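Chains as they are written, first to last, in the working numbering: chain R, 1 to 348; chain H, 349 to 696.
Data first, discussion second: the structure below is written as structure tokens.
Number of protein chains: 2
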Amino acid sequence: MKVYRYPENPLITPEDVKPSRPDLEVVCVFNAGVASCRGETILLLRVAERAIGDERCARVPVLECGKDGSCIVVKEFKRDDSSCDFSDPRVIATPDQVFLTTISHLRVARSKDGRKFTVDPNPGLYPDRPSESFGLEDPRITEIGGTYYIAYKSVSPTGICVSLATTTDFYEFQKLGHIFCPENLDVCIFPEKVHGRYAALHRPVPRFLGSLNMWVAYSPDLMHWGDHHFLLGTEAGSWDSGRTGGGAVPIRTEKGWLEIYHGATPDDHYCLGAVLLDLNEPHKVIARGREPIMKPEAEYETHGFMPNVVFSCGALADGDKLTIYYGAADMVIAGAELSISEILESLS
Amino acid sequence: MKVYRYPENPLITPEDVKPSRPDLEVVCVFNAGVASCRGETILLLRVAERAIGDERCARVPVLECGKDGSCIVVKEFKRDDSSCDFSDPRVIATPDQVFLTTISHLRVARSKDGRKFTVDPNPGLYPDRPSESFGLEDPRITEIGGTYYIAYKSVSPTGICVSLATTTDFYEFQKLGHIFCPENLDVCIFPEKVHGRYAALHRPVPRFLGSLNMWVAYSPDLMHWGDHHFLLGTEAGSWDSGRTGGGAVPIRTEKGWLEIYHGATPDDHYCLGAVLLDLNEPHKVIARGREPIMKPEAEYETHGFMPNVVFSCGALADGDKLTIYYGAADMVIAGAELSISEILESLS
Numbered sequence: 001m002k003v004y005r006y007p008e009n010p011l012i013t014p015e016d017v018k019p020s021r022p023d024l025e026v027v028c029v030f031n032a033g034v035a036s037c038r039g040e041t042i043l044l045l046r047v048a049e050r051a052i053g054d055e056r057c058a059r060v061p062v063l064e065c066g067k068d069g070s071c072i073v074v075k076e077f078k079r080d081d082s083s084c085d086f087s088d089p090r091v092i093a094t095p096d097q098v099f100l101t102t103i104s105h106l107r108v109a110r111s112k113d114g115r116k117f118t119v120d121p122n123p124g125l126y127p128d129r130p131s132e133s134f135g136l137e138d139p140r141i142t143e144i145g146g147t148y149y150i151a152y153k154s155v156s157p158t159g160i161c162v163s164l165a166t167t168t169d170f171y172e173f174q175k176l177g178h179i180f181c182p183e184n185l186d187v188c189i190f191p192e193k194v195h196g197r198y199a200a201l202h203r204p205v206p207r208f209l210g211s212l213n214m215w216v217a218y219s220p221d222l223m224h225w226g227d228h229h230f231l232l233g234t235e236a237g238s239w240d241s242g243r244t245g246g247g248a249v250p251i252r253t254e255k256g257w258l259e260i261y262h263g264a265t266p267d268d269h270y271c272l273g274a275v276l277l278d279l280n281e282p283h284k285v286i287a288r289g290r291e292p293i294m295k296p297e298a299e300y301e302t303h304g305f306m307p308n309v310v311f312s313c314g315a316l317a318d319g320d321k322l323t324i325y326y327g328a329a330d331m332v333i334a335g336a337e338l339s340i341s342e343i344l345e346s347l348s
Numbered sequence: 349m350k351v352y353r354y355p356e357n358p359l360i361t362p363e364d365v366k367p368s369r370p371d372l373e374v375v376c377v378f379n380a381g382v383a384s385c386r387g388e389t390i391l392l393l394r395v396a397e398r399a400i401g402d403e404r405c406a407r408v409p410v411l412e413c414g415k416d417g418s419c420i421v422v423k424e425f426k427r428d429d430s431s432c433d434f435s436d437p438r439v440i441a442t443p444d445q446v447f448l449t450t451i452s453h454l455r456v457a458r459s460k461d462g463r464k465f466t467v468d469p470n471p472g473l474y475p476d477r478p479s480e481s482f483g484l485e486d487p488r489i490t491e492i493g494g495t496y497y498i499a500y501k502s503v504s505p506t507g508i509c510v511s512l513a514t515t516t517d518f519y520e521f522q523k524l525g526h527i528f529c530p531e532n533l534d535v536c537i538f539p540e541k542v543h544g545r546y547a548a549l550h551r552p553v554p555r556f557l558g559s560l561n562m563w564v565a566y567s568p569d570l571m572h573w574g575d576h577h578f579l580l581g582t583e584a585g586s587w588d589s590g591r592t593g594g595g596a597v598p599i600r601t602e603k604g605w606l607e608i609y610h611g612a613t614p615d616d617h618y619c620l621g622a623v624l625l626d627l628n629e630p631h632k633v634i635a636r637g638r639e640p641i642m643k644p645e646a647e648y649e650t651h652g653f654m655p656n657v658v659f660s661c662g663a664l665a666d667g668d669k670l671t672i673y674y675g676a677a678d679m680v681i682a683g684a685e686l687s688i689s690e691i692l693e694s695l696s
């Protein structure tokens, strides 16, 4: 598979993003939703911020909500507290509760050429309610009839939900509430109705039975989802043996819906793959790639906050050219071009 | 709290239920959906069957689906195979997969007086598709406009979903598909629309963040669900510190929706409790009982397949009298009468 990585990569790094508050620092900018709007390429960035800690003390930003509104507060954990687990850089586990080391919001970046982006100085979508107290993450953007629907993770101690927001211009946003209950993520809404209903990919995270597999759901109105179908499982011994999850919003082709998804091994080596879904019944797989279409290879993909991760939340199709934007090593944004026909020919 | 347990208890035991196949035995009959239909009290029993094993060999019934239909097959596991875990009577864990020791279907029992039941000789709802290969469990029945909507767990290696079926007479049933994706259970659909939408209690089972808490969702059509709200969490040190989950279909009272739910400690001591929900916004708790309304006390509740379990999937209100049917020790069906006004007065 020919992958043309932009020589400008990484396109956006934490240094390009102004913190939302002076006492926070941006550590990761990654996993961006992608849209075309008014002649511009829009990236809706996941911006992960942390409180500035030191050798003795880890500091964690958490949203607190009261009657007068919401505010990020900083909680402190002493690093020599043996009751706490600091081994995963994303998480601090106390005996009572898990905390995330960063809190994410969503920020717009705009570009005329798809390579050079200007990042808005302020957040676009910011946590502001109890169900978002650990942040907003990993948006996917679907344009339907001039409205952009943004499906994103809202994370809190009560669970990881998927919420919906809308915008028409990427300046004003409206939050509409939870469309998938805990624990779920990687929701990609199809760009048109299928057989009279909206459709979405989603990725439940079950506890007792089942693996980290992709499912399809249907909806009459984008807010209420049901008729869930198992779609794509992990394959033992394969590059996606640990998990699969939707990546880009599905792309209509003559042969079926082309979905660029992510898969990972159990030790979190994330690649991108492709699968072709039935045009009328997208819970049916027509063909699947046995190999990834893209693996972590560039230095900014193999080194970073979480090494060896390429993870896409969106792509733009223009004729045969597919521009994939992706988070690299959970730390920066990069872009690459692939051929849609070459991807389709690789599926069996 | 005064609890009048029927002197006839247990009302239905495994001996009262004819196996669905000659090579299976009924080991548990419990967790029944409840309805009134044509002057009769209907229980839609969960009937758990197992394959007859011996000291050397455990045998597990599993549905297999092919092009020509579906059929229960019996898988064998040698008890001296140290790679398998037989410690939980409900589960056999192999290195590759978890199996349930029993497979459940749903069976109708009918009664004129609510105490003496006649069990149908054949199953009402039987597993017949891949997503039901480990069985059907724990139905809740909601009557709306003469149609009975049955929400039940469909269990398979791909996950525990909640599915919907309908009937008008409890002789013919129609399966409609999955309404909640993995991992979810304890879905109780409200008996009327609330502010123009249907409502349901549900109990997601998240893996990474969140506990075993009750949530509320809304729907325009009973098939597609969204606008999820966290409802009722576990309380540390309390009788429901391990989990909460919907029990009976909510009962409309002047003060709010009365919900009889189950709670358990982390070591699976299951009691019944009560909570009062806002009539117009049932994702808001008005009052909650600090003590259970019913604890395992009778011999058939403290001894059985899973000791110390009272677990209800349905109740019938008649004036102030509430008749709760419940699974006792995950093995038999029992009934008890309580006073609705006394329950309401106990909430704070």
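Note that CB positions come from ideal geometry on N, CA and C, so glycine has one too.
A quick note: this is a predicted structure, and the numbers were derived from the prediction, not measured.
Put residue i into one of helix, strand or coil per three-state DSSP.
{"i": "glutamate 647/H", "result": "helix"}
{"i": "leucine 232/R", "result": "strand"}
{"i": "glutamate 342/R", "result": "helix"}
{"i": "glutamate 132/R", "result": "helix"}
{"i": "proline 475/H", "result": "coil"}
{"i": "arginine 14/R", "result": "For the sequence presented, residue 14/R should be read as proline rather than arginine. Three-state result, proline 14/R: helix."}
{"i": "proline 552/H", "result": "strand"}
{"i": "isoleucine 333/R", "result": "strand"}
{"i": "proline 614/H", "result": "coil"}
{"i": "leucine 627/H", "result": "coil"}
{"i": "arginine 600/H", "result": "strand"}
{"i": "phenylalanine 447/H", "result": "strand"}
{"i": "aspartate 186/R", "result": "strand"}
{"i": "lysine 632/H", "result": "coil"}
From residue i to residue j, what does the alpha carbon distance come to, in whole angstroms?
{"i": "threonine 244/R", "j": "isoleucine 324/R", "result": "18 Å"}
{"i": "histidine 714/H", "j": "isoleucine 144/R", "result": "Residue 714/H lies beyond the residue range present for chain H, which begins at 349 and ends at 696; the question has no answer from this structure."}
{"i": "cysteine 65/R", "j": "proline 130/R", "result": "6 Å"}
{"i": "glutamate 8/R", "j": "arginine 115/R", "result": "7 Å"}
{"i": "proline 370/H", "j": "tyrosine 519/H", "result": "23 Å"}
{"i": "tyrosine 300/R", "j": "proline 10/R", "result": "7 Å"}
{"i": "glutamate 259/R", "j": "serine 312/R", "result": "11 Å"}
{"i": "asparagine 380/R", "j": "proline 296/R", "result": "An answer regarding residue 380/R cannot be provided, because it is not within the stretch 1 to 348 covered by chain R."}
{"i": "tryptophan 587/H", "j": "leucine 44/R", "result": "45 Å"}
{"i": "glutamate 583/H", "j": "histidine 617/H", "result": "14 Å"}
{"i": "glycine 558/H", "j": "alanine 499/H", "result": "24 Å"}
{"i": "methionine 349/H", "j": "glycine 637/H", "result": "11 Å"}
{"i": "arginine 398/H", "j": "serine 346/R", "result": "46 Å"}
{"i": "threonine 450/H", "j": "tyrosine 261/R", "result": "36 Å"}
{"i": "proline 121/R", "j": "threonine 41/R", "result": "17 Å"}
{"i": "valine 365/H", "j": "valine 467/H", "result": "6 Å"}
Please list, in chain order, the chain H residues whose beta carbon lies closer than 8 Å to that of residue i.
{"i": "valine 194/R", "result": "Within 8 Å Cβ-Cβ: nothing; valine 194/R doesn't reach chain H, min ~14 Å."}
{"i": "serine 131/R", "result": "Phe578"}
{"i": "proline 220/R", "result": "Pro568, Asp569 and His572"}
{"i": "asparagine 308/R", "result": "Per Cβ cutoff of 8 Å: no residues; asparagine 308/R is ~21 Å from chain H at best."}
List, in order along the chain, the chain B residues whose C-beta lies closer than 8 Å to that of residue i?
{"i": "isoleucine 508/H", "result": "The chain inventory of the structure shown lacks chain B, comprising the protein chains R and H."}
Using a 10 Å radius around the Cβ and a threshold of 16 neighbouring Cβ atoms, would you call residue i buried or exposed?
{"i": "lysine 415/H", "result": "exposed"}
{"i": "asparagine 213/R", "result": "buried"}
{"i": "isoleucine 52/R", "result": "exposed"}
{"i": "aspartate 227/R", "result": "buried"}
{"i": "aspartate 569/H", "result": "exposed"}
Output, in chain order, the set of chain H residues within a Cβ distance shorter than 7 Å of residue i.
{"i": "glycine 177/R", "result": "Asp575"}
Counting only Cβ pairs nearer than 9 Å, list the residues of chain H close to residue i.
{"i": "alanine 217/R", "result": "His526, Cys529 and His572"}
{"i": "valine 98/R", "result": "Phe556 and Leu557"}
{"i": "asparagine 122/R", "result": "The premise fails here: asparagine 122/R is roughly 28 Å from chain H at the closest Cβ pair, so nothing lies under 9 Å."}
What in chain R is Cβ-close to residue i, meaning under 9 Å?
{"i": "histidine 550/H", "result": "Cys181"}
{"i": "asparagine 379/H", "result": "Those within 9 Å of asparagine 379/H in chain R number zero; the least Cβ separation is about 17 Å."}
Interface residues of chain R around residue i at Cβ under 8 Å?
{"i": "asparagine 628/H", "result": "Neighbours of asparagine 628/H on chain R: none; closest Cβ ~17 Å, over 8 Å."}
{"i": "proline 505/H", "result": "Leu209 and Gly210"}
Any contact of the stretch 498–518 of chain H with the stretch 528–537 of chain H, i.e. 3+ C-beta pairs under 8 Å? Result yes; three or more Cβ-Cβ pairs closer than 8 Å.
Mind the definition here: the stretch 138–148 of chain R touches the stretch 238–252 of chain R only if three or more C-beta pairs lie below 8 Å; say whether that holds. yes
Would you say the stretch 374–387 of chain H touches the stretch 672–692 of chain H, given that touching needs at least three Cβ pairs under 8 Å? Yes, since at least three Cβ pairs between the stretch 374–387 of chain H and the stretch 672–692 of chain H fall closer than 8 Å, the two stretches touch.
Within 8 Å, do at least three Cβ pairs link the stretch 401–410 of chain H to the stretch 534–554 of chain H? no
Determine contact between the stretch 228–245 of chain R and the stretch 200–211 of chain R, defined as no fewer than three beta-carbon pairs at a distance below 8 Å. In this structure the stretch 228–245 of chain R touches the stretch 200–211 of chain R; the number of beta carbon pairs closer than 8 Å is three or more.
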